[in-house]
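Student: Heads up: the sequence shown is residues 261 to 763, going by our numbering.
Virtual Cβ for every residue (Gly too), placed ideally from N, Cα, C.
Keep in mind it's a predicted model, so treat the numbers as computed, not measured.
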Amino acid sequence: MDAQEHGARAGDAGRSAPLPVLIATCVSTLVVNANTSAVSILLPAISEDTGTSLDVLQWAVTGYSLVGAAVIVTSGALGDVFGRRLVFLGGLGLFIASCVLIALSSSGAGVIAGRAIQGASGATILACGMSLLSVSSSGDGQVRAVTLWGGASAVGAAAGPLVGGVLVDGTGWQGLFWIDAAIALACVPVTLRGVAESRDPGRSRSIDFAGTVLVAAVLAPALLALSEGADWGWTSARVLGCFAIALAAGVGFVAVERRVEAPLIDLRLLKDRVLIGATVGILLSAGVINGLMYLVSLYFQNPATLALSPFEAGLATLPATVGLIAVTPLVPRLVQRLGIGPVIAAGFAAATVGCALLVFVEGDWKYGAFVLPLVLMAAGLGLVNGPASSASTSTVSPDDVGAASGISNMARYIGAAAFTAAVATVNTTVGESRRSAGEGTAQALAAGLSGACLLLAIASGAGMLLSALAVRARRRRAGPGAYGAAAASHAHTVPVAAPAGDE
Numbered sequence: 261m262d263a264q265e266h267g268a269r270a271g272d273a274g275r276s277a278p279l280p281v282l283i284a285t286c287v288s289t290l291v292v293n294a295n296t297s298a299v300s301i302l303l304p305a306i307s308e309d310t311g312t313s314l315d316v317l318q319w320a321v322t323g324y325s326l327v328g329a330a331v332i333v334t335s336g337a338l339g340d341v342f343g344r345r346l347v348f349l350g351g352l353g354l355f356i357a358s359c360v361l362i363a364l365s366s367s368g369a370g371v372i373a374g375r376a377i378q379g380a381s382g383a384t385i386l387a388c389g390m391s392l393l394s395v396s397s398s399g400d401g402q403v404r405a406v407t408l409w410g411g412a413s414a415v416g417a418a419a420g421p422l423v424g425g426v427l428v429d430g431t432g433w434q435g436l437f438w439i440d441a442a443i444a445l446a447c448v449p450v451t452l453r454g455v456a457e458s459r460d461p462g463r464s465r466s467i468d469f470a471g472t473v474l475v476a477a478v479l480a481p482a483l484l485a486l487s488e489g490a491d492w493g494w495t496s497a498r499v500l501g502c503f504a505i506a507l508a509a510g511v512g513f514v515a516v517e518r519r520v521e522a523p524l525i526d527l528r529l530l531k532d533r534v535l536i537g538a539t540v541g542i543l544l545s546a547g548v549i550n551g552l553m554y555l556v557s558l559y560f561q562n563p564a565t566l567a568l569s570p571f572e573a574g575l576a577t578l579p580a581t582v583g584l585i586a587v588t589p590l591v592p593r594l595v596q597r598l599g600i601g602p603v604i605a606a607g608f609a610a611a612t613v614g615c616a617l618l619v620f621v622e623g624d625w626k627y628g629a630f631v632l633p634l635v636l637m638a639a640g641l642g643l644v645n646g647p648a649s650s651a652s653t654s655t656v657s658p659d660d661v662g663a664a665s666g667i668s669n670m671a672r673y674i675g676a677a678a679f680t681a682a683v684a685t686v687n688t689t690v691g692e693s694r695r696s697a698g699e700g701t702a703q704a705l706a707a708g709l710s711g712a713c714l715l716l717a718i719a720s721g722a723g724m725l726l727s728a729l730a731v732r733a734r735r736r737r738a739g740p741g742a743y744g745a746a747a748a749s750h751a752h753t754v755p756v757a758a759p760a761g762d763e
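1. Ordered along the chain, which non-local residues of its own chain (more than five positions away) have a Cβ less than 7 Å from that of M553?
2. Check this for me: beta carbons of A387 and M670, under 8 Å apart or not?
3. Assign R734 to one of two classes, buried (16 or more other C-beta atoms within 10 Å of its C-beta) or exposed (fewer than that).
4. If the criterion is Cβ atoms closer than 8 Å, does the pair A606 and L632 meet it?
5. Could you give the distance in angstroms between the alpha-carbon of A610 and the alpha-carbon of I604?
6. What is the DSSP secondary structure of Y627, counted as helix, strand or coil?
7. Just to confirm, is the Cβ distance from V478 to F513 under 8 Å?
8. If you check the beta carbons only, do G614 and L584 fall under 8 Å apart?
9. Rounded to a whole number of angstroms, what is the C-alpha to C-alpha distance between L392 and E572?
10. So the candidates are A712, F348, A412; which of them puts its Cα closest to the Cα of G691?
11. For G761, is the classification buried or exposed, using 16 other Cβ atoms within 10 angstroms of its Cβ as the cut-off for buried?
12. Tell me the DSSP secondary structure of L594 in three-state form.
13. In its own chain, which residues sit with a C-beta less than 8 Å from the C-beta of R528, not counting the 5 before and 5 after it?
14. If we ignore side chains and look at the alpha-carbon of each, how far apart do L705 and N550 end up?
15. Which residue from C286, T289, V321 puts its Cα closest to that of T680?
16. Examine the Cβ distances between the region 303-321 and the region 331-347 and report whether three or more of them are shorter than 8 Å.
17. According to the Cβ coordinates, are A719 and L535 closer than 8 Å?
18. Can S365 and S381 be called in contact, C-beta distance under 8 Å?
19. Could you tell me if R201 is buried or exposed, where buried requires 16 or more neighbouring beta carbons within 10 angstroms of its beta carbon?
20. Compute the beta-carbon to beta-carbon distance between Y324 and A405, rounded to the nearest angstrom, for a pair I have assumed lies under 8 Å.
21. Use the C-beta contact count for W433: other C-beta atoms within 10 angstroms, 16 or more gives buried, fewer gives exposed.
22. Do S397 and G274 have their CB atoms nearer than 8 Å?
23. Is it true that the CB of T431 sits closer than 8 Å to the CB of R345?
24. Do G640 and V591 have their beta-carbon atoms positioned less than 8 Å apart in this structure?
25. Using only the alpha-carbon positions, how far apart do D660 and V686 sit?
26. By DSSP, does A697 sit in helix, in strand, or in coil?
27. Please classify W409 as buried or exposed, where buried requires at least 16 other C-beta atoms within 10 Å of its C-beta.
28. Give me the residue from L725, A717, L558, G723 with the minimum Cα distance to A684.
29. May I have a chain-ordered list of the alpha helix (DSSP H) segments no shorter than 4 residues that lie completely inside the region 296-346?
30. Exposed or buried, G708, counting other C-beta atoms within 10 Å across all chains shown (16 or more means buried)?
31. Hey, A648 and I542 are a contact pair by Cβ (cut 8 Å); roughly how many whole angstroms apart?
32. In this structure, how does DSSP classify I786 when only helix, strand and coil are distinguished?
33. Helix, strand or coil for A733, going by three-state DSSP, please let me know.
34. With DSSP collapsed to three states, give me the class of L543.
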């Protein structure tokens, strides 16, 4: 893309996305993110209703992200080849089916299976929805569409715990999934009647299904080992076997990616220091925020600690959402003034402080003590998300922007899955150890939360150091596309080319 073309796309009014496209994509992403953010709030009620332990139901969260990581790039490729509208509709159908499966489930296994299917459907809806927006608009019209899409995503993430909490008390935990299925179903006729089909005729028709399977083969045993290592023994044959399978699958993945025509991950791009630094930032930020929100959602509802109702627990997570949303409009201006590296480092520093404060949690803490740490964590990671999302695509060639975006999107899912599994293990292991030592339930639960937050604080601190080293900390002009990237980046990486004159 030359400078003149970029200027036309970034500065001209361009084409606005048709209203049916906006409705279908924004409403669907709102529902997907509301569903995702509500699940942790629902877990205690699901556990009580199905008789499944919370340790097992953790897979309803990690399984979603695991499958999402495996299919996020493939679903976009399928849309490019076979039609973005067609694959988007397939994602909606799969999402509806998964909601029905979960709502009808009387066992934890059914819920976990349904959530794994939702991981595939959610990734497909996000990837193809963004593609539909991109091909139906241009210039400032595209920026407005992406910003609206990001806003809908943020609203969904904020509303999910509240709506889920209300529905648990009013209709049972199944109510959320019935309502989500109905809303997704309403998007189907809007898409059929108002969204034009589009494809990428220049793209290879080769789809890297082997890479998709191997990504899952790397993540599944690794997460299983992280989740069960404390019970099985970290040097047991089962744990070592899981890691061996993951390592073998990783070697196989690299071999496959070097040979296929259209790889899931273009290994050549992994030599780009800025892309790697940004992707590390995305992985760590997604991991920290998902891990912490999982922990506090359960801690707030435990009868031995704060004993909040599901609705109250959803309300209690609002400071984190507000902190994340509040910093979003500030991000492009801060990047323009300070540069990408310093903004990311500052964001991770704030998140590190927030997580570190929770290391000192005690069993008698009241809710007010959690507010500042939650705000610091979320606001800090809000500073990370936009710049890292933009940086991950802004230094590669125009032909590689989509591939770079795919790498960072996959990293977002991997971070959420891996950190949720890791903090759940630390939380349970430390808590049970303290209970075995004779401590009270409240203090043991606080100790578990403290240990998990120490892990998250270390991860945030590592993000601050690694991002400062790996991302070029020079001033970069923030074009209009940066606002859309900042708005949407907590759920999806928005491809942003470097402004004319930048490298």
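Tutor: Based on what the coordinates show:
1. Counting from one through the sequence shown, the residue named residue 553 turns up at place 293. If we look at M553 and ignore the five residues flanking it on each side, its Cβ neighbours are S300, T577, A580.
2. Within the sequence shown, residue 387 is the residue found at index 127, counting from 1. Within the sequence shown, residue 670 is the residue found at index 410, counting from 1. Taking 8 Å as the Cβ cut-off, A387 and M670 do not qualify as a contacting pair.
3. As a first step, residue 734 is located in the sequence shown; it is residue number 474 there, counting from the start. With a pLDDT of 48 at R734, under the threshold of 50, the modelled position of that residue is not reliable, and the figure given next carries that caveat. By the neighbour-count rule (16 or more Cβ atoms within 10 Å), R734 is not buried but exposed.
4. The residue labelled residue 606 in the question sits at position 346 within the sequence shown. The residue labelled residue 632 in the question sits at position 372 within the sequence shown. Contact flag unset, no.
5. Counted from its first residue, the sequence shown places residue 610 at position 350. Counted from its first residue, the sequence shown places residue 604 at position 344. Spanning the two alpha carbons is a distance of roughly 10 Å.
6. If you number the sequence shown from 1, residue 627 lands on position 367. Correct three-state label for Y627: coil.
7. Numbered from its first residue, the sequence shown carries residue 478 at position 218. Numbered from its first residue, the sequence shown carries residue 513 at position 253. Cβ distance < 8 Å, so V478 and F513 count as in contact.
8. Counting from one through the sequence shown, the residue named residue 614 turns up at place 354. Counting from one through the sequence shown, the residue named residue 584 turns up at place 324. For G614 and L584, no; Cβs fall outside 8 Å.
9. Working through the sequence shown from its first residue, we reach residue 392 at position 132. Working through the sequence shown from its first residue, we reach residue 572 at position 312. Whole-angstrom Cα-Cα distance: 37 Å.
10. On the sequence shown, position 431 is the one that residue 691 refers to. Nearest C-alpha to G691: A712.
11. Position 501 of the sequence shown holds residue 761. Low confidence applies here, because G761 scores a pLDDT of 43, under 50, leaving its location unreliable; read the following figure in that light. Label assigned to G761: exposed.
12. The residue labelled residue 594 in the question sits at position 334 within the sequence shown. The answer is helix: DSSP assigns L594 an H, G or I state.
13. Indexing the sequence shown from 1 puts residue 528 at position 268. Excluding positions up to five away in sequence, the list is empty.
14. The sequence position of residue 705 within the sequence shown is 445, counting from 1. The sequence position of residue 550 within the sequence shown is 290, counting from 1. Approximately 19 Å between the Cα atoms of the pair.
15. Numbered from its first residue, the sequence shown carries residue 680 at position 420. Closest option to T680, Cα to Cα, is V321.
16. no
17. Taking the sequence shown and counting its residues from 1, one reaches residue 719 at position 459. Taking the sequence shown and counting its residues from 1, one reaches residue 535 at position 275. No, Cβ-Cβ distance for A719 and L535 is not below 8 Å.
18. Locating residue 365 in the sequence shown gives position 105, where the first residue counts as 1. Locating residue 381 in the sequence shown gives position 121, where the first residue counts as 1. Not in contact: S365 and S381 (Cβ atoms no closer than 8 Å).
19. Residue 201 lies beyond the stretch modelled for the chain, which goes from 261 to 763, so this question has no answer here.
20. Taking the first residue of the sequence shown as 1, we reach residue 324 at position 64. Taking the first residue of the sequence shown as 1, we reach residue 405 at position 145. Actually they are not in contact, since the Cβ atoms of Y324 and A405 sit about 26 Å apart, beyond 8 Å.
21. Taking the sequence shown and counting its residues from 1, one reaches residue 433 at position 173. The residue is buried, with at least 16 neighbouring Cβ atoms inside 10 Å.
22. Here the question's residue 397 lines up with position 137 in the sequence shown. Here the question's residue 274 lines up with position 14 in the sequence shown. Yes; because the gap between Cβ atoms is below 8 Å, this pair is in contact.
23. Here residue 345 refers to the residue found at position 85 when the sequence shown is read from its first residue. Here residue 431 refers to the residue found at position 171 when the sequence shown is read from its first residue. Cβ atoms of R345 and T431: not closer than 8 Å.
24. Here residue 591 is taken as the residue at index 331 of the sequence shown, counted from 1. Here residue 640 is taken as the residue at index 380 of the sequence shown, counted from 1. Not in contact: V591 and G640 (Cβ atoms no closer than 8 Å).
25. Here residue 660 refers to the residue found at position 400 when the sequence shown is read from its first residue. Here residue 686 refers to the residue found at position 426 when the sequence shown is read from its first residue. Those two C-alpha atoms are separated by around 39 Å.
26. Sequence index remark: in the sequence shown, residue 697 carries index 437 (1-based). Three-state DSSP puts A697 in coil, outside helix and strand.
27. Position 149 of the sequence shown, counted from the start, is the residue given in the question as residue 409. So W409 ends up on the buried side.
28. For the purposes of this step, residue 684 is identified with residue 424 of the sequence shown, where counting begins at 1. Ranking the options by Cα distance to A684, first place goes to L558.
29. 314-317, 319-342
30. Translated into positions along the sequence shown, residue 708 becomes position 448. Label assigned to G708: buried.
31. Here residue 648 refers to the residue found at position 388 when the sequence shown is read from its first residue. Here residue 542 refers to the residue found at position 282 when the sequence shown is read from its first residue. At roughly 5 Å, the Cβ-Cβ gap stays under 8 Å, so A648 and I542 are in contact.
32. Given a span of 261 to 763 for the chain in the structure shown, any question on residue 786 remains unanswerable.
33. Position 473 of the sequence shown, counted from the first residue, corresponds to residue 733. With a pLDDT of only 41 at A733, under the threshold of 50, the placement of this residue in the model should not be trusted; the figure read from the coordinates follows. It is coil, neither helix nor strand.
34. Taking the first residue of the sequence shown as position 1, residue 543 is located at position 283. Here L543 sits in helix by DSSP.
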